[in-house]
Amino acid sequence: MLDAKVRYSPIGSASSLTFDSEMLLEKVQNASITMLRAATAAMSVRRPEVGACLADRAGACIAYNGSDVPLTCAIGVGTSIPADPADIEAIEAFYRSRKSPVRITISGRTHNGVNSLLSGRGYKAGAPMENWWRPLDDMIAKPVPDNIHVTLAAVEDADLWVRTVAAGFQEEDAPVDDSKLPSNLLDTFYCFGFAEGARPFLARRNGEVAGAGVLHINGDTAHLRTTSCRLVHRRNGVQTALLNARLQWAAKAGCRFVFSSTAGIGASARNLERFGLQPLSISFVMSRIAA
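Put into C-alpha cells, the structure is as follows:
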C-alpha cells in the first residue's frame with residue numbers, strides 16, 4: 283500500500299498540494315469497476331453469443347467477456363476486505379465453468395497476502411502498469427498543430443473508430459491492414475469506446491484519420507484510456523491533440539481528477555508528463571489457466 287498522502291506539484295511551480303492517496307486509489311478502482319461493468323453490458327449487446335456476464339464476490343467485480351479478451355478479469359479482489367481461499371476458489375469456479383483463464387487485478391489497494399495466496403495457487407504476474415493522475419482545476423489547453431483536428435466520434439463512426447484504435451495498437455514496425463483485424467479484437471475495442479460513460483474521440487491529420495482515444499467519466503473522475511496513433515502519423519502531435527481535447531472536455535464536464543495508465547515509462551508516459559500527470563501507483567494482473 284502507498285503512504286497515506288501523495289503530493290502533487292504543478293509544472294513550473296514551487297508550491298505543491300497534498301492529497302489522500304487512499305482516496306485517489308479508491309477513485310481509480312471505482313472508475314475501473316464502472317468501466318468494466320459498462321463494457322460487459324456493451325459486449326452482451328454486441329455479441330450475445332459470447333455470454334458476457336458479471337458476478338460479485340467479496341467486494342470484487344468479476345467479469346466474463348470471452349476467454350481470450352482482457353475484459354475478462356476480476357477487479358477489487360482483496361481491496362475493500364481481505365481475500366481468503368474461499369473467495370479465490372469461487373472466482374476460479376466462475377471462470378472454470380466458462381472454460382476461461384482466471385485474471386485478477388492487483389492494485390495499490392490490494393491487501394497484503396493476496397499476492398502470495400495467488401502465487402501459491404499457480405498464478406503468474408503480468409507486466410506492470412504505471413498509473414498516473416493529476417487534479418483538473420488548473421488545466422490549461424496546449425497548442426496543437428493547425429492540421430490536426432479532434433472530434434467526438436458518433437455512433438455511425440463506430441467501425442472507423444474501432445479499426446483506427448485497434449490498428450494503432452497493432453502497428454509496430456509496419457502498417458497493418460485494418461480490414462484483416464480479428465473480430466474479437468474489434469469487439470473488445472468497441473466495448474471500450476462505446477460503453478455507457480465512454481466518449482470516443484477521433485483525430486484527423488490533414489483530413490486523414492490518424493488516431494483515436496477514449497475519455498471515460500465516472501462522477502468527478504475522468505479516465506484517459508484506449509489511445510493509439512496510426513504508424514504513419516506518429517511524432518506529429520496527434521497524441522498531444524488527443525490528450526488536449528479530452529482533458530479540456532473533462533475539465534468542462536466538472537471532473538476534479540484525471541487518471542490514466544501506461545505500460546511502463548515510454549512515449550505514452552512522457553506525453554502524460556507533459557500535461558502534468560504524475561505517477562500514483564503500480565498495478566498488474568495475476569493470471570492462470572483455470573483448472
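According to the numbering used here, the stretch in the sequence shown is residues 283 to 573, in order. Cβ coordinates follow ideal geometry from the N, Cα and C atoms, glycine included.
Check	Outcome
Near ASN429, which residues of its chain fall below 8 Å by C-beta distance, leaving aside the five closest residues on each side in sequence?	ARG487 and ASN488
Taking the alpha-carbon of PHE471 as reference, which of ARG328, LEU299, GLY548 and ALA372 has the nearest alpha-carbon?	ARG328
Can you say whether ASN500 is buried or exposed, counting buried as having 16 or more other CB atoms within 10 angstroms of its CB?	buried
So what's MET421 in DSSP terms, helix, strand or just coil?	coil
Return the first residue and the last residue of the beta strand (DSSP E) that PHE557 is part of.	Element bounds for PHE557: n/a, residue is neither H nor E.
Can you list, in chain order, the residues of its chain whose CB lies under 7 Å from that of GLN560, leaving out five sequence neighbours each side?	TYR290, TRP414, TRP415 and ARG416
Assuming contact is defined by CB atoms lying nearer than 8 Å, are VAL384 and GLU374 in contact in what I supplied?	yes
Could you give the first and the last residue of the continuous alpha helix (DSSP H) run that contains ILE373?	367–378
Apply the 10 Å Cβ neighbour rule to SER303 and answer buried if 16 or more other Cβ atoms are within range, or exposed otherwise.	buried
If distances are taken between C-alpha atoms only, which option among ASN347, SER362 and ASP439 comes closest to TYR377?	ASN347
What are the boundary residues of the beta strand (DSSP E) that includes THR392?	Per DSSP, THR392 belongs to no beta strand (DSSP E) and is neither H nor E.
CB-CB under 6 Å to ALA323, same chain, minus the five flanking residues each way: which ones, in chain order?	none
So the alpha helix (DSSP H) LEU318 belongs to, where does it begin and stop?	303–328
If you draw a straight line from the alpha carbon of GLU574 to that of LEU506, how long is it in whole angstroms?	With the chain covering 283 to 573 only, the question about residue 574 has no answer from this structure.
For PRO574, which option in LEU299, ILE547, GLU555 and MET317 has the closest C-alpha, if you only look at C-alpha atoms?	Past the edges of the chain, shown from 283 to 573, lies residue 574, and the structure says nothing about it.
Taking the beta carbon of ILE422 as the centre, do at least 16 other beta carbons fall within 10 Å, making it buried, or is it exposed?	exposed
Between the C-alpha atoms of SER326 and GLY493, what's the straight-line distance to the nearest angstrom?	27 Å
DSSP three-state call for LYS381: helix, strand or coil?	coil
Here's the rule: buried if 16 or more other CB atoms are within 10 angstroms of the residue's CB, otherwise exposed. What is ASN394?	exposed
Using the DSSP secondary-structure output, state which residues sit across from LYS287 in a beta bridge.	ASP302
Leaving out the 5 sequence neighbours to the left and right, which residues in its chain are closer than 7 Å to TRP443 when beta-carbon positions are compared?	ALA435, GLY475, PRO482, LEU484 and ALA494
What does the alpha-carbon distance come out to for the pair ALA321 and ARG403?	29 Å
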